[in-house]
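Novice: Have a look at this one before I ask anything.
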């Protein structure tokens with residue numbers, strides 16, 4: 001009954017947060033439509049996996065490079081207007097792509113430029129959106145609000161690929177891009193209809209390059225002088241590196257023993273798991289000690305990746321993928337809630353931008369090493385006459401994809417040991433008790 005009363009208190013008087021969240025949800029789905037459709041267009045036009053993978057790189061790298069400065073500016077500026085300008089910039093790029101496509105002038109490099117510019121906009125939009133939550137939601141309801149934010153990403157992951165596949169056959173790429181632009185307009189309207197409370201900020205000196213750079217570095221300083229937060233960031237960075245490798249190698253692993261149709265089904269099941277986890281987190285809110293929830297679900301996600309290496313079974317993969325994505329909203333939502341409670345609002349933009357920069361920077365590194373590790377080291381070990389075929393091969397099998405499976409197992413054994421060791425560190429385990437709540 002207490003949980004139900006808390007949920008009613010959360011839903012009452014939260015109109016501004018709900019409106020902003022819904023606008024961003026619609027925009028995320030629209031962006032997912034365009035991202036999927038452009039990826040298909042590039043691959044069909046070039047037939048090159050490298051060209052396709054460059055879209056992923058351009059979608060990520062600019063955000064990493066500009067995040068520290070973006071975080072400092074988010075803390076200087078009104079966060080609602082920061083979100084408005086970021087969404088507007090991404091919308092303009094969508095219109096530019098639509099015009100180039102309509103006139104028959106769209107080239108591959110145009111897409112890279114557009115995706116890169118949208119990535120810059122995301123570097124501003126994401127910390128502004130996350131930091132705004134603490135201005136709109138009482139701290140006792142932050143875990144639920146974080147769960148709703150995660151549910152938006154889950155809906156985009158689940159709905160966008162399926163919907164884009166249908167729309168491409170009906171309205172073609174031009175129609176998908178126009179729908180995306182309409183979702184940007186909807187998100188802008190929701191932001192224009194509301195007002196955010198201003199974060200209390202210290203006086204900012206007359207800006208110079210050095211002053212702005214010092215502010216940008218304050219996000220890193222804030223984390224590095226708090227050992228518990230730093231340890232949590234290291235755990236996340238290590239796990240993100242592994243996730244980057246999974247992103248590259250999961251498709252080849254599945255296709256080594258089954259069809260593209262089954263691959264799509266497994267991915268959709270993962271999206272359903274993420275949506276269910278987001279909804280449950282929004283309703284439940286979380287345990288009294290959120291850091292325990294973070295590590296519990298981190299360990300569950302690691303067990304799921306470990307399971308992917310054990311057998312070539314579509315059923316096992318679907319179950320592991322469902323539980324893996326089910327755990328992500330709890331991990332991200334609980335950690336965001338801890339930061340929103342503990343970090344002062346006037347520096348949240350810089351702190352979240354720094355966290356994004358460090359965690360995201362591990363992903364391109366994983367992209368670089370995943371292929372060579374799998375193709376040159378682990379796959380040769382697990383061929384029929386490979387070095388480990390007579391030992392480990394008797395347990396997990398031999399042949400195509402089994403080297404990738406062994407790589408997954410090896411990575412997760414190491415990462416689980418690191419996670420268990422990290423939780424023994426008192427500054428991390430007692431993080432919520434030792435850091436005072438921000439006022």
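In the working numbering, the protein residues as written are 1 to 439.
No residue lacks a Cβ here, since even glycine has one placed at the ideal position from N, Cα and C.
None of these values were measured; they are calculated from a predicted model.
Quick one: what's got a C-beta closer than 6 Å to residue 389's C-beta in the same chain, skipping five residues either side?
Specialist: If you number the chain shown from 1, residue 389 lands on position 389. So the list reads 398, once near-sequence residues are dropped.
Novice: Check each candidate in 57, 329, 173, 129 and name the one with the smallest Cα separation from residue 86.
Specialist: For the purposes of this step, residue 86 is taken as the residue at position 86 of the chain shown. If we check each option's Cα against that of residue 86, 129 comes out closest.
Novice: Which of helix, strand or coil does DSSP assign to residue 372?
Specialist: As a position in the chain shown, residue 372 is number 372, starting the count at 1. Looking at residue 372 - three-state DSSP - the assignment turns out to be helix.
Novice: Contact defined as beta carbons within less than 8 Å: I believe residue 270 pairs with residue 321. What is the distance between those atoms, to the nearest angstrom?
Specialist: Mapped onto the chain shown, residue 270 falls at position 270. Mapped onto the chain shown, residue 321 falls at position 321. About 4 Å; that satisfies the 8 Å criterion.
Novice: Touching or not, the segment 326 to 335 and the segment 130 to 137, by the rule of three or more beta carbon pairs under 8 Å?
Specialist: No contact exists between the segment 326 to 335 and the segment 130 to 137.
Novice: With the cut-off set at 7 Å, would you say residue 71 and residue 350 are in Cβ contact?
Specialist: For the purposes of this step, residue 71 is identified with residue 71 of the chain shown, where counting begins at 1. For the purposes of this step, residue 350 is identified with residue 350 of the chain shown, where counting begins at 1. It is a contact, given that the beta carbons lie within the stated cut-off.
Novice: Ends of the alpha helix (DSSP H) at residue 174?
Specialist: In the chain shown, the residue the question calls residue 174 occupies position 174. That run of the alpha helix (DSSP H) goes 172 to 192.
Novice: Run through DSSP, which three-state label would residue 87 get?
Specialist: Numbered from 1 along the chain shown, position 87 holds the residue referred to as residue 87. Reduced to three states, the DSSP call for residue 87 is helix.
Novice: Three or more beta-carbon pairs under 8 Å between the segment 112 to 123 and the segment 87 to 98, yes or no?
Specialist: Flag = yes, the segment 112 to 123 and the segment 87 to 98 touch.
Novice: If I follow the unbroken alpha helix (DSSP H) through residue 434, where does it start and stop?
Specialist: For the purposes of this step, residue 434 is identified with residue 434 of the chain shown, where counting begins at 1. From DSSP, the alpha helix (DSSP H) with residue 434 extends over 431 to 434.
Novice: Which ranges does the alpha helix (DSSP H) cover as unbroken runs of at least 4 residues, wholly within the segment 328 to 391, from first to last along the chain?
Specialist: Correct list: 348 to 372.
Novice: Say whether the segment 381 to 396 touches the segment 97 to 111, bearing in mind that this needs 3 or more beta-carbon pairs closer than 8 Å, one atom from each stretch.
Specialist: No, the segment 381 to 396 is not in contact with the segment 97 to 111.
Novice: So, at 6 Å on beta carbons, what are the nonlocal neighbours of residue 335 in its own chain, with the 5 sequence-adjacent residues on each side left out?
Specialist: Looking up residue 335 in the chain shown gives position 335. Contacts found: 294.
Novice: My guess is that residue 152 and residue 28 are in contact by the Cβ rule of under 8 Å, so how many angstroms apart are they, rounded?
Specialist: Reading the chain shown from its first residue, position 152 is the one you call residue 152. Reading the chain shown from its first residue, position 28 is the one you call residue 28. Between residue 28 and residue 152 the Cβ distance is about 5 Å, and since that is below 8 Å, they are a contact.
Novice: Straight-line CA distance for residue 206 to residue 77?
Specialist: Within the chain shown, the letter at position 206 stands for residue 206. Within the chain shown, the letter at position 77 stands for residue 77. Residue placement at residue 206 is flagged as unreliable, the pLDDT there being 44, under the threshold of 50; the coordinate-derived value follows with that caveat. Approximately 14 Å between the Cα atoms of the pair.
Novice: Whose CA, out of 67, 143, 144, 58, lies closest to the CA of residue 110?
Specialist: Taking the first residue of the chain shown as 1, we reach residue 110 at position 110. Ranking 67, 143, 144, 58 by Cα distance to residue 110 puts 58 first.
Novice: In chain order, what residues of the same chain have a beta carbon less than 6 Å from the beta carbon of residue 227, not counting five sequence neighbours either side?
Specialist: For the purposes of this step, residue 227 is taken as the residue at position 227 of the chain shown. Cβ neighbours of residue 227 beyond the five flanking positions: 427.
Novice: Taking 6 Å as the limit between beta carbons, can you name the residues of its chain near residue 125, skipping five residues before and five after?
Specialist: Position 125 of the chain shown, counting from 1, holds the residue named residue 125. Within the same chain, residue 125 has close Cβ partners 83, 86.
Novice: When burial is assigned at 16 or more other CB atoms within 10 Å of the CB, is residue 444 buried or exposed?
Specialist: Any question about residue 444 goes unanswered here, given that the chain covers just 1 to 439.
Novice: Quick one: is the Cβ of residue 279 within less than 6 Å of any heavy atom of the ligand COA?
Specialist: Judged by which ligands are present, the structure shown has none, so any question about the ligand COA falls away.
Novice: How would you call residue 189, buried or exposed, if buried means at least 16 neighbouring beta carbons within 10 angstroms?
Specialist: Taking the first residue of the chain shown as 1, we reach residue 189 at position 189. Exposed.
Novice: Can you tell me which of 338, 359, 406, 402 puts its alpha carbon nearest to the alpha carbon of residue 438?
Specialist: Along the chain shown, read from residue 1 onward, the residue named residue 438 stands at position 438. The shortest Cα separation from residue 438 among 338, 359, 406, 402 belongs to 338.
Novice: May I ask you to report which of helix, strand or coil DSSP gives residue 144?
Specialist: If you number the chain shown from 1, residue 144 lands on position 144. The answer is helix: DSSP assigns residue 144 an H, G or I state.
Novice: Just how far apart, CA to CA, sit residue 262 and residue 74?
Specialist: Here residue 262 refers to the residue found at position 262 when the chain shown is read from its first residue. Here residue 74 refers to the residue found at position 74 when the chain shown is read from its first residue. Each residue's alpha carbon lies about 43 Å from the other.
Novice: Assign residue 399 to one of three DSSP states: helix, strand, or coil.
Specialist: One-based indexing of the chain shown puts residue 399 at position 399. If DSSP states are grouped into helix, strand and coil, residue 399 belongs with coil.
Novice: Which whole-angstrom value is the C-beta distance of residue 241 and residue 416, which I expect to be below 8 Å?
Specialist: The residue given as residue 241 occupies position 241 in the chain shown. The residue given as residue 416 occupies position 416 in the chain shown. At roughly 14 Å, the Cβ-Cβ gap does not stay under 8 Å, so residue 241 and residue 416 are not in contact.
Novice: Grab the span of the alpha helix (DSSP H) containing residue 109 for me, first residue to last.
Specialist: In the chain shown, counting from the first residue as 1, residue 109 sits at position 109. Where residue 109 is concerned, the enclosing alpha helix (DSSP H) stretches over 108 to 136.
Novice: Of all the options 311, 288, 346, which has the alpha carbon lying nearest to the alpha carbon of residue 395?
Specialist: Start at 1 with the first residue of the chain shown, and residue 395 comes out as number 395. Ranking 311, 288, 346 by Cα distance to residue 395 puts 311 first.
Novice: Spatial neighbours of residue 374 within its chain, please: C-beta separation below 8 Å, excluding the five flanking residues on both sides.
Specialist: In the chain shown, counting from the first residue as 1, residue 374 sits at position 374. 249, 252, 403, 404, 407.
Novice: Would you call residue 66 buried or exposed, if buried means 16 or more other Cβ atoms sit within 10 Å of its Cβ?
Specialist: On the chain shown, residue 66 is found 66 positions in, with the first residue counted as 1. Residue 66 should be labelled buried.
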